[in-house]
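Reviewing the structure listed below.
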Amino acid sequence: MTDYDTYGTSSHTAEELVRLVDGHLGLVFTEHDSYFRGIYHRAVSPDGEVEIQPNSIPGDDEDDLYAAEHPTAHVLLLTLTPAPVPDLRAQLDSIEGLVHLKHESL
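If you read the sequence shown in the working numbering, its first letter stands for residue 76, the second for the next number, and so on.
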């Protein structure tokens, strides 16, 4: 089973959120540049992966969003873990301005 969680914020830029999450979780993020995703930040830990990216899809049309159902979330935080990690969710829930948007288990 794999757990996927999506968080969003309109209060922080991606860079600000990277610093906040690093401060709460002690993760080291690396910056990546993708044609499809734009600039995003990724951290890997024994519990899984955390990625921070803009909600807008790079390209000519600024109205295209990854999480179109949440247009007010300018920045997304995505987690991928092999099993539920309650401590991770609790720490992310404690970050002001970060809202849990979606959970999936596959």
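Think of the CB as a built atom: it goes at the ideal place given N, C-alpha and C, for glycine as much as any other residue. Owing to the predicted nature of the structure, the values given are computational and were not obtained by experimental measurement.
By the criterion of a C-beta distance shorter than 6 Å, Glu-124 is surrounded in its chain by Leu-155, once the five residues flanking it on both sides are discounted. Between the C-alpha atoms of Ala-158 and Asp-78 there is a straight-line separation of about 6 Å.
About 4 Å separates the Cβ atoms of Leu-102 and Ala-118, confirming a contact at the 8 Å cut-off. Boundaries of the alpha helix (DSSP H) harbouring Pro-161: 161-168, taken from the DSSP string.
Only buried fits Ala-148, as 16 or more other CB atoms lie within 10 angstroms of its CB.
Judged by DSSP in its simplified three-state form, Ala-89 adopts helix. When DSSP states are grouped into helix, strand and coil, His-149 belongs to the coil group.
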